[in-house]
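Q: Got a structure here, written out as structure tokens. Questions coming.
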Amino acid sequence: MDIIEAINGRKSIRAFKNDPVDKTLITKILEAAIKAPSAINQQPWHLVVVTGEAKERLASAILREYKEKGMVHELVKEELPKKYERRTQELFTQIKTYLDEMGQDMSYILEGSCRFYDAPVAIMVTMDKALYPSRLLEIGAAMENLMLAAHSMGLGTCPIGFILRYEEAIREELGIPNHMEVVLGIALGYPDLDSPINRFRSSREGLDQSSTWIGFE
1 MDIIEAINGR KSIRAFKNDP VDKTLITKIL EAAIKAPSAI NQQPWHLVVV
51 TGEAKERLAS AILREYKEKG MVHELVKEEL PKKYERRTQE LFTQIKTYLD
101 EMGQDMSYIL EGSCRFYDAP VAIMVTMDKA LYPSRLLEIG AAMENLMLAA
151 HSMGLGTCPI GFILRYEEAI REELGIPNHM EVVLGIALGY PDLDSPINRF
201 RSSREGLDQS STWIGFE
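Okay, here's the thing in structure tokens:
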């Protein structure tokens, strides 16, 4: 699989098989992740890889916090420019078709996020709070490497930001020290290709909406 094929083929997976993922495969995926570029080689990422009973305890702790405290704060900021509101609304409208087919509503997405969509592996991405926020760009590059590598090996991933609302539960369950910030969760496993939700792919606007070209005829 070449890189363009991997980029075009990758999508977020929201239903996983129970099949375990071999540690050797996970290692290869993480090794691809940490090849990402980083300013002055600071390598700002630290990855906490969780599976088995530990992963189930983590998911249960996050889900419990969600059920007790609700969403804590809204998914998006109020009074965003209209184009961002429109894109979010389009996402919710598009995904509803697949949820309806499953007899589900948006609680499947919210509670599923808390459970890492029952994937056998959860990866928590952390960064030292001493680093500048701009280092998050490098973590983003590393996580794209991770997701593309996983896709090329027949695995699926879903980056999950929703659970950051319950960072303290994550920190306590995994023993993450206070000087480290939790910046992302990733579900990893073999996709359940029979689930309608895995046919969903979010739309993208064309380059005419997301780029400016200067100096070209």
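According to this note's numbering, numbering within the sequence shown proceeds without interruption in unit steps and concludes at 217.
Just so it is clear, CB atoms sit at the ideal spot from N, CA and C, and this is done for glycine as well.
Please read these numbers as outputs of a predicted model, since none were measured by experiment.
1. If residue 174 and residue 48 are in contact, beta carbons under 8 Å, what's the gap, nearest whole angstrom?
2. Rounded to the nearest angstrom, what separates residue 167 and residue 160 at their Cα positions?
3. Is it right to say residue 179 is buried, meaning 16 or more other beta carbons lie within 10 angstroms of its own, or is it exposed?
4. With a 10 Å radius around its C-beta and 16 neighbouring C-beta atoms as the bar for buried, classify residue 213 as buried or exposed.
5. Which value, in whole angstroms, describes the spacing of the CA atoms of residue 35 and residue 146?
6. Are the beta-carbon atoms of residue 170 and residue 61 separated by less than 9 Å?
7. From residue 220 to residue 202, what does the alpha carbon distance come to, in whole angstroms?
8. Taking Cβ positions, are residue 33 and residue 142 nearer each other than 9 Å?
9. Spatial neighbours of residue 139 within its chain, please: C-beta separation below 7 Å, excluding the five flanking residues on both sides.
10. Whole angstroms is fine: what's the gap from residue 150's alpha carbon to residue 109's?
A: The relevant details are as follows:
1. Along the sequence shown, one-based indexing puts residue 174 at 174. Along the sequence shown, one-based indexing puts residue 48 at 48. Taking a contact as a CB-CB distance under 8 Å, the pair residue 174 and residue 48 counts as one, their CB atoms being some 6 Å apart.
2. Reading the sequence shown from its first residue, position 167 is the one you call residue 167. Reading the sequence shown from its first residue, position 160 is the one you call residue 160. Rounded to the nearest angstrom, the two C-alpha atoms are 12 Å apart.
3. The residue given as residue 179 occupies position 179 in the sequence shown. It counts as exposed.
4. On the sequence shown, position 213 is the one that residue 213 refers to. Looking at its Cβ environment, which holds fewer than 16 other Cβ atoms inside 10 Å, residue 213 is exposed.
5. The residue you call residue 35 lines up with position 35 of the sequence shown. The residue you call residue 146 lines up with position 146 of the sequence shown. Using only the alpha carbons, I get a separation of about 10 Å.
6. The residue you call residue 170 lines up with position 170 of the sequence shown. The residue you call residue 61 lines up with position 61 of the sequence shown. Yes. Within cutoff.
7. No answer is possible for residue 220: the residues shown for the chain start at 1 and end at 217.
8. In the sequence shown, residue 33 corresponds to position 33, counting from 1. In the sequence shown, residue 142 corresponds to position 142, counting from 1. Yes, they are a contact pair.
9. For the purposes of this step, residue 139 is taken as the residue at position 139 of the sequence shown. Excluding positions up to five away in sequence, the list reads 44, 45, 125, 127 and 183.
10. Counting from 1 along the sequence shown, the entry for residue 150 is found at position 150. Counting from 1 along the sequence shown, the entry for residue 109 is found at position 109. The straight-line gap from Cα to Cα measures roughly 22 Å.
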